[in-house]
């Protein structure tokens, strides 16, 4: 496998639980906010914006600490224990302002853990086949918690107020803290430099800057999916009880794509085309949302989000690692998370909330007009990647001198 079995198990457990926590509340909390709590699209956008805002701050701080001062294992444990308490508190809130504050505090904790889970993997191996087998557990977790929540709701006689997703996430966060105890603490490298500044310095390279900017913009489109999909499905006549399971189809596709396609595609097509394909998957999903019928087509389109996540988000994290030296692995992952899950999702959340409010009449969303916006942006992003971005491997090959050329020719 390339790493010891015990190490693989530890990394897999941590990857599984990290995404189980997020997947328990993120896809379905919007339905609680827009439904029982009667919040506006803009208010819902602000609640969801707490995680992106936190991702601008926490990952860079956590990456800096993990690269220089404290092993990432201990940061993960403390952050998830505190996060569990905050999720229990959030489940009790019914008004916008208190919920916003609690979710922001929680997001500061969770955002600190996101790049560290990846960094824990990349510090053990950079083998694409091995990393894919660990990344596989992210969609498996997301799907299982979606189905579990659906199963729980199906056993209840009433619809409930939707707070169960937050209680579920809190319990999983406690399990995550316990799971992190399986990770092995490692000596921290002593370089005499500040890793986070080294990672930020990479933005001076034009190709890396293009990669980060496109990643930021396209990743922001996920908030249209997360904020709108659950309510959209219900408005199209799909029962709220099966929405979590329907959205979990994306995670089945994500698992399959991670296991069977990710390594092969990145090795044969390169990161440039893998990222472009990921953006195109979101484009196709929003085209189907624009069509809006039949219900079965909407449900069957959910795997496109899973494919997009693998080929754009996960492949993007792997691509970022290609730019990192061993001393700045944590900080490089922190940087890409700050750009995509931070700035990108924050702007995407606000933009999605504004668009949803703009195309809302008497509390009813004009979904076709809403979905046209991310559809166009995803297409533009794919075209820019295909025509402007250079694959890191090709860029390095172009920059390196020909090993077979005479010295005089290389020096000329």
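Numbering (the numbering used here), first residue to last: 508 to 919.
Ideal Cβ positions, reconstructed from N, Cα and C, are used throughout, including at glycine.
These numbers were taken from a predicted model, which means no experiment stands behind them.
Of all C-beta pairs linking the segment 864-879 to the segment 746-762, fewer than three are shorter than 8 Å, placing the two stretches out of contact. Here residue 633 has 828 as same chain residues with Cβ atoms under 8 Å from its own Cβ, once five neighbours each way along the sequence are excluded.
In the three-state scheme derived from DSSP, where H, G and I count as helix and E and B as strand, residue 718 is classed as helix. With distances taken between CA atoms, residue 592 lies nearest to 612 out of 583, 831, 727 and 612. Beta bridge pairing from DSSP links residue 871 with 868. With distances taken between CA atoms, residue 891 lies nearest to 725 out of 791, 725, 610 and 516. Annotated three-state conformation of residue 634 is coil, per DSSP. Burial is judged here by how many other beta carbons sit within 10 angstroms of a residue's own beta carbon; residue 625 has at least 16 and is buried. Shown here, residue 578 sits in coil according to DSSP, grouped into three states, outside any helix or strand.
Rounded to whole angstroms, residue 851 and residue 619 show a C-alpha spacing of 17 Å. The C-beta of residue 511 has fewer than 16 other C-beta atoms within 10 Å across all chains shown, which makes the residue exposed. Residue 844 and residue 563 have their alpha carbons spaced roughly 8 Å apart. Three or more Cβ pairs closer than 8 Å define a contact, and the segment 516-533 meets that threshold against the segment 643-660. With 16 or more neighbouring CB atoms inside 10 Å of its own CB, residue 627 falls in the buried class.
With respect to residue 774, residue 635 sits close: the two C-beta atoms are nearer than 8 Å. By the criterion of a C-beta distance shorter than 6 Å, residue 791 is surrounded in its chain by 811, once the five residues flanking it on both sides are discounted.
Residue 691 places its beta carbon 8 Å or farther from that of residue 518.
Remark: three or more beta-carbon pairs, one from each stretch, lie closer than 8 Å, so the segment 879-887 and the segment 778-795 are flagged as touching. Residue environment: residue 661 is assigned as exposed (fewer than 16 neighbouring CB atoms within 10 Å of its CB, all protein chains considered).
If only complete runs of 4 or more residues are kept, the segment 559-614 shows the alpha helix (DSSP H) at 579-598, in order along the chain. From the listed residues 889, 539, 830 and 854, the smallest Cα separation to residue 707 is found for 830. Taken through DSSP and simplified to helix, strand or coil, residue 514 comes out as helix. Inclusion of residue 669 and residue 542 in the CB contact set at 8 Å is warranted, their separation being smaller than that value. Residue state for residue 830 is assigned as coil, using DSSP reduced to three classes. The distance from the Cβ of residue 740 to that of residue 805 is about 6 Å, consistent with a contact at the 8 Å cut-off. In this structure, the alpha-carbon of residue 803 lies about 21 Å from that of residue 762. Excluding residues up to 5 positions away in sequence, 625, 840 and 843 lie with their Cβ nearer than 7 Å to the Cβ of residue 824 in the same chain. Boundaries of the alpha helix (DSSP H) harbouring residue 761: 756-763, taken from the DSSP string. C-alpha of residue 659 to C-alpha of residue 815: approximately 28 Å in a straight line.
With a 10 Å radius around the Cβ and a threshold of 16 neighbouring Cβ atoms, residue 800 comes out exposed. The segment 575-591 and the segment 543-550 do not touch, with fewer than three beta-carbon pairs separated by less than 8 Å. Residue environment: residue 704 is assigned as exposed (fewer than 16 neighbouring CB atoms within 10 Å of its CB, all protein chains considered). Between the segment 551-559 and the segment 591-611 there are three or more C-beta pairs closer than 8 Å, enough to call the two in contact.
In this structure, DSSP gives residue 691 a state outside helix and strand, which the three-state scheme calls coil. Going by DSSP, residue 843 is part of the alpha helix (DSSP H) stretching over 836-844.
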